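Contents: one structure, followed by commentary.
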Amino acid sequence: MTKRRHSDIQDSEVEQSLSLKWCAIVEDRFLETNIDLITFYALDNVSSSKLHRLASILEGIYKWENSNHLKRVRISKSKVFQILICPRHVLESEEIILTNDDLKTCLSDVYNLNENLITVDTPSKPCLTRQQFDKAKQFWPIVFHEDKTLKSVMDCSCLRVDETKIARNISHLVKLSDIVLTNRCCDFNACLIVNPASNMIVAEICQNDSTNHPLKHAVISALDHVAKNQLELYQNVENPKQENLQYLCTNFDCYLLKEPCVMCAMALLHSRIKRVFYVYENAEGALGTVFKIHVEKALNHHFLVFKVLNHEEIVSNFRK
Numbered sequence: 050m051t052k053r054r055h056s057d058i059q060d061s062e063v064e065q066s067l068s069l070k071w072c073a074i075v076e077d078r079f080l081e082t083n084i085d086l087i088t089f090y091a092l093d094n095v096s097s098s099k100l101h102r103l104a105s106i107l108e109g110i111y112k113w114e115n116s117n118h119l120k121r122v123r124i125s126k127s128k129v130f131q132i133l134i135c136p137r138h139v140l141e142s143e144e145i146i147l148t149n150d151d152l153k154t155c156l157s158d159v160y161n162l163n164e165n166l167i168t169v170d171t172p173s174k175p176c177l178t179r180q181q182f183d184k185a186k187q188f189w190p191i192v193f194h195e196d197k198t199l200k201s202v203m204d205c206s207c208l209r210v211d212e213t214k215i216a217r218n219i220s221h222l223v224k225l226s227d228i229v230l231t232n233r234c235c236d237f238n239a240c241l242i243v244n245p246a247s248n249m250i251v252a253e254i255c256q257n258d259s260t261n262h263p264l265k266h267a268v269i270s271a272l273d274h275v276a277k278n279q280l281e282l283y284q285n286v287e288n289p290k291q292e293n294l295q296y297l298c299t300n301f302d303c304y305l306l307k308e309p310c311v312m313c314a315m316a317l318l319h320s321r322i323k324r325v326f327y328v329y330e331n332a333e334g335a336l337g338t339v340f341k342i343h344v345e346k347a348l349n350h351h352f353l354v355f356k357v358l359n360h361e362e363i364v365s366n367f368r369k
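In our numbering, the protein residues as written are 50 to 369.
What follows is the structure, encoded as structure tokens:
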């Protein structure tokens with residue numbers, strides 16, 4: 050298939066498309082909003098002069114590396130120091146055989162614990178996102194280092210640098226699949242494979258998912274085009290390894306009218322695609338609706354996936 054740019058798309062169309070609203074499809078653990086809690090024993094009303102010595106002694110009872118997402122000390126609402134000792138369940142396990150009285154006796158030479166041993170609920174695991182951190186810190190101070198890359202994916206700010214190119218590709222995809230959009234209940238899909246470095250289309254397909262063969266979905270046909278083109282290149286060079294030729298869809302983007310099925314999602318994964326953008330969800334979709342194959346830890350490749358949120362508005366604008 051001949052590679053080409055989108056020179057036929059007018060700037061006014063791109064301006065309309067810049068109102069695209071995206072949603073990143075990420076692992077469920079990044080979307081979790083419920084904070085799981087674990088009960089800790091803690092000392093209340095601790096003198097600041099004893100904090101350092103207490104921390105050293107408490108380290109012998111419970112290795113803090115097991116809970117290093119928590120800050121050991123906090124200032125309570127009543128403006129007194131509180132210091133965590135260990136999770137309550139630890140004293141009931143075989144790791145440490147101590148009763149409450151044993152614990153008090155162990156520390157009695159440092160501090161009178163009779164009235165100052167309390168229990169507090171703390172987050173049980175590290176926070177992965179700012180939203181989780183904002184909720185978790187309401188229970189106990191948390192150690193949190195925000196992953197800037199993850200943040201840019203989740204808020205879709207990572208797309209800003211390519212915003213115009215992405216808009217052009219979505220516009221082209223919609224126009225290519227105009228017949229599909231008039232009858233979305235059928236099994237049609239449209240697929241673009243694009244090299245984002247040059248914004249060149251390396252494959253484009255718009256067809257019924259069951260045309261000619263039940264397995265010849267749009268994604269499969271598009272990847273077949275890419276493979277055939279690369280095979281021709283390999284056959285025309287003496288030493289392909291020295292030429293450092295492209296491996297299938299490495300660093301390429303895929304634009305889809307409809308979220309791919311499991312078969313197509315796995316094909317994209319094996320092609321080493323970098324990013325996938327789709328307009329409509331699929332009841333059997335494998336990139337967000339039913340499965341999230343692109344972030345499955347057991348697989349040896351992962352890629353980014355984004356879906357259009359305001360698809361009805363965007364499609365309507367593109368078809369004018």
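For glycine and all other residues, C-beta sits at the position ideal for the given N, C-alpha and C.
Values in this document were obtained by computation on a predicted structure and should not be read as measured data.
Considering only F237, L166, H351 and V129, the residue with the shortest C-alpha distance to I322 is H351. Bounds of the alpha helix (DSSP H) holding I106 are L100 to I110.
A direct Cα-Cα distance of roughly 42 angstroms separates H360 from L119. Relative to the Cα of A91, the nearest Cα in the group C72, F130 and H319 belongs to F130. For L317, there is no enclosing beta strand (DSSP E); the enclosing alpha helix (DSSP H) has its first and last residue at V311 to H319. Taking 7 angstroms as the cut-off, the beta carbon of L272 is found closer than this to the beta carbon of A316.
In the DSSP annotation of this structure, the continuous segment of the alpha helix (DSSP H) that includes T213 starts and ends at E212 to L225. Judged by DSSP in its simplified three-state form, E253 adopts strand. DSSP places F89 in the strand class (E or B) of the three-state scheme. Rounded to whole angstroms, the separation of the alpha carbons of K184 and V354 is 27 angstroms. Between the alpha carbons of A73 and M203 lies a gap of roughly 5 angstroms.
Per DSSP, the continuous beta strand (DSSP E) segment holding L241 begins and ends at F237 to N244. Taking the C-beta atoms as reference points, I132 is found nearer than 7 angstroms to L103.
Judged by DSSP secondary structure, R123 falls within the beta strand (DSSP E) whose first and last residues are V122 to I124. In the pairwise beta carbon analysis, the segment 322-332 is classified as not touching the segment 278-289: fewer than three pairs are separated by under 8 angstroms. Looking only at D77, K265 and K70, the smallest Cα-Cα distance to K346 is reached by D77.
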